[in-house]
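In this note's numbering, the protein residues as written are 416 to 569.
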């Protein structure tokens with residue numbers, strides 16, 4: 416793996432971890448404030464939704480770049496290494512196709528939401544903030560899959 420994919424993997428993984436930690440801290444604060452002072456944090460659901468989108472979709476490219484996907488390695492024990500390698504390539508090609516279609520379908524939706532100025536109901540967070548990490552994550556995951564495919568040839 417080259418230096419750019421390593422940096423990207425670490426950076427996106429760190430950002431996803433920060434959002435995960437923020438979600439945990441917000442949840443703990445909400446529970447404590449609710450239990451001790453009967454004062455829940457306003458807009459918790461919206462903040463957790465935003466944090467979850469950031470955690471999942473920004474963490475996804477790091478998983479692809481590290482080749483840390485969950486796999487069932489039943490075939491590794493019984494199939495020839497060349498077949499396993501070919502199946503990994505087919506899986507990467509399928510992933511690339513699915514991610515490309517996802518990005519292609521999501522882009523007009525995000526643009527429409529941005530142009531409409533749609534916001535969340537409680538905190539009035541612009542919904543485009545939910546779409547930015549999703550789009551970045553899907554496109555970066557497709558790029559990471561492309562890196563895997565290029566490395567496969569070597």
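Each residue gets a CB set at the ideal place from its N, CA and C atoms; glycine is no exception.
For residue 442, the enclosing alpha helix (DSSP H) starts and ends at 418 to 452. Cβ-Cβ separation between residue 476 and residue 418: approximately 16 Å, too far for a contact (criterion under 8 Å). Look at the stretch 489 to 525 and you find these whole runs of alpha helix (DSSP H), each 4 residues long or longer: 489 to 493. In this structure residue 496 is exposed. Its beta-carbon is surrounded by fewer than 16 other beta-carbon atoms within 10 angstroms. With 16 or more neighbouring CB atoms inside 10 Å of its own CB, residue 462 falls in the buried class. Take the alpha-carbon of residue 554 and the one of residue 547: they are about 11 Å apart. With the rule of 3 Cβ pairs closer than 8 Å, the stretch 445 to 459 does not count as touching the stretch 511 to 526. Residue 501 and residue 493 have their alpha carbons spaced roughly 15 Å apart. By alpha-carbon distance to residue 459, the top candidate from 484, 563, 512 and 437 is 437. Nearest Cα to residue 456 within the set 430, 468, 441 and 464: 441. Between the alpha carbons of residue 465 and residue 565 lies a distance of about 33 Å. A residue is called buried when at least 16 other Cβ atoms come within 10 angstroms of its Cβ; residue 559 meets this threshold and is buried.
Under the DSSP assignment, residue 470 falls in the alpha helix (DSSP H) whose first and last residues are 459 to 481. Residue 549 is classed as buried because its beta carbon has at least 16 other beta carbons within 10 Å across all chains shown. If you look at residue 556, you'll find it in the alpha helix (DSSP H) that goes 543 to 567.
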